[in-house]
Structure formats: structure tokens, C-alpha cells
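Notes for the one structure printed next.
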Amino acid sequence: MTINKTHQSNDLITLFNDLFAPSFQTRLVSGSGEPLYLPATNRRDCHQVVFAHGFFRSALHEIAHWCIAGKVRRQLADYGYWYKPDGRNLEEQLRFQQAELKPQALEWWFCLCAGHSFEVSCDNLAASDPDAIDVAGFAEQVRQQLINYRSSRLPPRAEAFAIVLQSFYGQSCPRLAEVA
Numbered sequence: 004m005t006i007n008k009t010h011q012s013n014d015l016i017t018l019f020n021d022l023f024a025p026s027f028q029t030r031l032v033s034g035s036g037e038p039l040y041l042p043a044t045n046r047r048d049c050h051q052v053v054f055a056h057g058f059f060r061s062a063l064h065e066i067a068h069w070c071i072a073g074k075v076r077r078q079l080a081d082y083g084y085w086y087k088p089d090g091r092n093l094e095e096q097l098r099f100q101q102a103e104l105k106p107q108a109l110e111w112w113f114c115l116c117a118g119h120s121f122e123v124s125c126d127n128l129a130a131s132d133p134d135a136i137d138v139a140g141f142a143e144q145v146r147q148q149l150i151n152y153r154s155s156r157l158p159p160r161a162e163a164f165a166i167v168l169q170s171f172y173g174q175s176c177p178r179l180a181e182v183a
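Numbering of the sequence shown is given in our numbering, commencing with residue 4 and proceeding in unit increments.
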């Protein structure tokens, strides 16, 4: 049963910041451009997980990236990863999808914990060869990664955030059978 049926990014900001700001000096922030992770500096007293345009799913996705990033990566802008925008060729798209398996699996789990719908994102609408993008195949890889996480264990920060989401949205722990 869902207690809170609305999915507002401001709620995610509050949940994330209450949970992680004290112990990790990290805040979730709504941005007006592309998502970005910014480590603390002399002028910025805490790390920032910046998500796009106040979008609920963008916030969950960026939280997933943060939950996976290790201590060293959390000291680097955008965790030190490359990002090539829309219009990637097949080789670049496959690299992108490999890098996105774990974050999208966690995002899917967060969506289940919040009672929200999920769809994988290949994030390449301007590809020169759109037929080369196998959305169904990528979705299956993400599903398998989520099953692997749930068969063993989620990363600790992801587990903590999932529990907070379940409590806030009045959801029971999702079952693997729901990962269809």
C-alpha cells in the first residue's frame, strides 16, 4: 500500500540530505542543466549530487551513481568518468551502457522502493544508427544486474537509501519477482 502517492523531487532532496549530509557531507541538489557530481572545495563546504531540472527519476539515477562511487571517485568531479553526449556511435554506446548497468539497476530498485515506474535509458536519441541500440537487450542486462545485487547485497549506501524510500512511500521490500 502506498501512503504517499506523489513523487516530488523535493522529498528526495530531504530524504537524501537528512540521511547522508551529516555522515558524508553530501547534499542532493536540483540543477538547471545536465546532471553533475561536484566534490567539496574551499568554496563549497559539501559535496553535491546535482540532478537535472527537478526530475524525480534524474534524482534517483544520480543518487544511484553516488551510491556506487567509492571514496576516491567521490573526490573527483563527475566521479572522474567520461561522458559523451547524445549522438554516440555503436562502440561509444556500448561503453556507455556498460558503465550504466549498475546505476540503472539501483535506480530500478529505488523506483520499486518508492512505488514509481522505471524504464531503462539508453540516452542516445540522436544516434547515427538508432537500430544499433538494443533497448530490450540493455534492459535485460540491467535486470540481471539488479537480480545480482538482490541475490547478494546492495551497496551499503544504496541499501540505506532504499529503506528510507520504502518507509517514506509506504512500500514493502520489493520481491525479485517484481523485476520483470
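For glycine and all other residues, C-beta sits at the position ideal for the given N, C-alpha and C.
Just so it is clear, the structure is predicted and the values come from calculations on it, not from any experiment.
Output the distance between the C-alpha atoms of residue i and residue j, rounded to the nearest integer angstrom.
{"i": "residue 62", "j": "residue 55", "result": "7 Å"}
{"i": "residue 97", "j": "residue 23", "result": "32 Å"}
{"i": "residue 64", "j": "residue 92", "result": "23 Å"}
{"i": "residue 192", "j": "residue 82", "result": "Residue 192 is absent from the model: the chain starts at 4 and stops at 183."}
{"i": "residue 4", "j": "residue 31", "result": "Here the model assigns residue 4 a pLDDT of 39, short of 50, so the residue's position is not dependable and the matter cannot be decided."}
{"i": "residue 26", "j": "residue 79", "result": "18 Å"}
{"i": "residue 66", "j": "residue 156", "result": "17 Å"}
{"i": "residue 57", "j": "residue 16", "result": "10 Å"}
{"i": "residue 176", "j": "residue 99", "result": "30 Å"}
{"i": "residue 95", "j": "residue 140", "result": "16 Å"}
{"i": "residue 10", "j": "residue 148", "result": "25 Å"}
{"i": "residue 185", "j": "residue 77", "result": "Only positions 4 to 183 of the chain appear in this structure, which leaves residue 185 out of reach."}
{"i": "residue 6", "j": "residue 12", "result": "Its pLDDT being 47, under 50, residue 6 is placed unreliably by the model, and nothing is read from it."}
{"i": "residue 178", "j": "residue 118", "result": "13 Å"}
{"i": "residue 90", "j": "residue 37", "result": "16 Å"}
{"i": "residue 142", "j": "residue 45", "result": "41 Å"}
{"i": "residue 173", "j": "residue 74", "result": "31 Å"}
{"i": "residue 60", "j": "residue 126", "result": "13 Å"}
{"i": "residue 72", "j": "residue 86", "result": "16 Å"}
So, at 6 Å on beta carbons, what are the nonlocal neighbours of residue i in its own chain, with the 5 sequence-adjacent residues on each side left out?
{"i": "residue 68", "result": "106"}
Compute the beta-carbon to beta-carbon distance between residue i and residue j, rounded to the nearest angstrom, for a pair I have assumed lies under 8 Å.
{"i": "residue 14", "j": "residue 171", "result": "7 Å"}
{"i": "residue 150", "j": "residue 182", "result": "6 Å"}
{"i": "residue 164", "j": "residue 49", "result": "The Cβ separation is near 17 Å, so there is no contact."}
{"i": "residue 152", "j": "residue 102", "result": "Contact flag wrong, Cβ pair sits at about 16 Å."}
{"i": "residue 111", "j": "residue 138", "result": "That belief does not hold up - the Cβ atoms of residue 111 and residue 138 are roughly 14 Å apart, past 8 Å."}
{"i": "residue 116", "j": "residue 169", "result": "5 Å"}
Examine the ligand GTP and report whether any of its heavy atoms sits within less than 7 Å of the Cβ of residue i.
{"i": "residue 111", "result": "Among the ligands in the structure shown, none appear at all, so the ligand GTP cannot be discussed."}
With 8 Å as the threshold, decide whether the Cβ of residue i is near any Cβ in chain D.
{"i": "residue 32", "result": "Any reference to chain D falls outside this structure, which holds one protein chain only."}
Going along the chain, which residues of its own chain have a beta-carbon closer than 7 Å to the beta-carbon of residue i, five neighbours each way excluded?
{"i": "residue 167", "result": "18 and 22"}
{"i": "residue 114", "result": "63, 120 and 121"}
{"i": "residue 39", "result": "53 and 81"}
{"i": "residue 104", "result": "144, 145 and 148"}
{"i": "residue 84", "result": "102"}
{"i": "residue 47", "result": "41"}
{"i": "residue 158", "result": "70 and 71"}
Can you list, in chain order, the residues of its chain with a C-beta nearer than 8 Å to that of residue i? Leave out the 5 residues immediately preceding and following it.
{"i": "residue 34", "result": "53, 54, 55 and 56"}
Worksheet entry | Runs of beta strand (DSSP E) wholly within the region 12 to 65 (minimum 3 residues, chain order) | 29 to 34, 39 to 41 and 50 to 55
Worksheet item: In chain order, which continuous runs of the alpha helix (DSSP H) of length 4 or greater are located wholly inside the region 91 to 165?
Response: 93 to 117 and 138 to 154
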